[in-house]
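**Q** Please find one structure pasted underneath; my questions will follow.
Residue numbers (this note's numbering): 77 to 425.
Structure below.
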């Protein structure tokens, strides 16, 4: 069951990404040669309006093959002959659909599970928050001029913030905004620097609030991914923090097992499904962000080439673009191999 859930999760995320490219290619009247559901040998094929649709054996995503995508084509409906805005729309649609998927699934999480507004439920005695004058009932609005929407954003900020630096806090009390400064204090039990506050998690009060916090959920996952990348670049995170499909699958399997135990104790089987959905939100948002990185062979790298063309007023020679993309693809494959064996070491080591 765990393996099936993991395969379906990756499959849905990749399929939604490719469907975004496909849909916007259709809207921009770009000729799509093939749209495939799954990978590997074809189980079924059919053709409609010049596009071959195929259902393939391995349920791990799919692909959208456009005319003029890899090699130049004289067809006026080819991707390479479309305008800059149209090409940017098609390229951006894949990552955008990953964010849309994360948002739609977040609505389910918020509806059946909880939301975590940054309203303090308890201040620990002697903590940094108490010394700064924060009280139960206060709502954190900003940390160092960064807007805060959920309690987990406070946790993320604390984890990525230099503990030696004071934090400017804007909070709301009885409808009025106040400012204070918090100096994080070291906690021996958790071996980290803490604010010293707890916040309520509660059910949303309306469908509008569910939509609002679904947006915040996607925002949090995007910020988390960007912060993780920054930590890798700056050396705050090590290679063991890198994780590919094997590591993600192992972690998701652990999450499912824990959810099963909780479901057996509470008698609520919905917990397992909600945990799978929650994990899919995290990975889908990650895939969206990673594909927007300006790296050759990724959507972000191709978007960069189109933007350069728009600024320069002429396209980059296709042979040079293909060389850069080929180099980027090779480096990407090397990274994937490294991450794969790194995952094996972390999982089985």
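In this text, a Cβ means the ideal position worked out from N, Cα and C, and glycines have one as well.
Nothing here was measured: the structure is a model prediction, and the numbers come from that model.
From the DSSP output, read off the bridge partner residues of residue 75.
**A** A question about residue 75 goes unanswered here, because the residues of the chain that appear run from 77 up to 425.
**Q** Buried or exposed for residue 221, please, with buried defined as at least 16 other CB atoms from any protein chain shown within 10 angstroms of its CB.
**A** exposed
**Q** If I measure Cβ to Cβ from residue 373 and keep anything under 7 Å in the same chain, skipping five residues before and after, which residues do I get?
**A** 401, 404, 405 and 408
**Q** Are there 16 or more other CB atoms within 10 angstroms of the CB of residue 351, so buried, or fewer, so exposed?
**A** buried
**Q** Given this structure, state the Cα-to-Cα distance separating residue 274 from residue 219, to the nearest angstrom.
**A** Between residue 274 and residue 219, the C-alpha separation is close to 16 Å.
**Q** With a CB to CB cut of under 8 Å and the five nearest residues on each side skipped, what residues in its chain are close to residue 386?
**A** 160
**Q** For residue 218, which of helix, strand or coil comes out of DSSP?
**A** strand
**Q** So residue 175 packs on residue 364, CB below 8 Å; how close in whole Å?
**A** 5 Å
**Q** If I measure Cβ to Cβ from residue 392 and keep anything under 8 Å in the same chain, skipping five residues before and after, which residues do I get?
**A** 381, 384 and 385
**Q** Would you please state the rounded distance, in angstroms, between the beta carbons of residue 324 and residue 371? I believe it to be under 8 Å.
**A** Not quite, the Cβ-Cβ distance comes to about 20 Å (not below 8 Å), so this is no contact.
**Q** Where are the alpha helix (DSSP H) runs, 4 residues long or more, that stay fully inside the segment 191 to 261, in chain order?
**A** 204 to 207 and 227 to 236
**Q** Just how far apart, CA to CA, sit residue 114 and residue 281?
**A** 40 Å
**Q** Got a sec? Which residues, its chain only, sit under 8 Å from residue 188 by beta carbon, not counting five neighbours each side?
**A** 346 and 350
**Q** Using the Cα positions of residue 244 and residue 255, report the straight-line distance between them to the nearest angstrom.
**A** Here the alpha carbon of residue 244 sits roughly 7 Å from the alpha carbon of residue 255.
**Q** According to DSSP, what are the bridge partners of residue 276?
**A** Beta-bridge pairing links residue 276 to no other residue.
**Q** Give a yes or no on whether the C-beta atoms belonging to residue 140 and residue 236 are separated by under 8 Å.
**A** no
**Q** When the Cα atoms are used, what is the spatial distance from residue 227 to residue 320?
**A** 28 Å
**Q** Based on the DSSP output, what are the partners of residue 379 in its beta bridges?
**A** None; residue 379 has no bridge partner.
**Q** Express the C-alpha separation of residue 375 and residue 310 in angstroms, rounding to a whole number.
**A** Whole-angstrom Cα-Cα distance: 24 Å.
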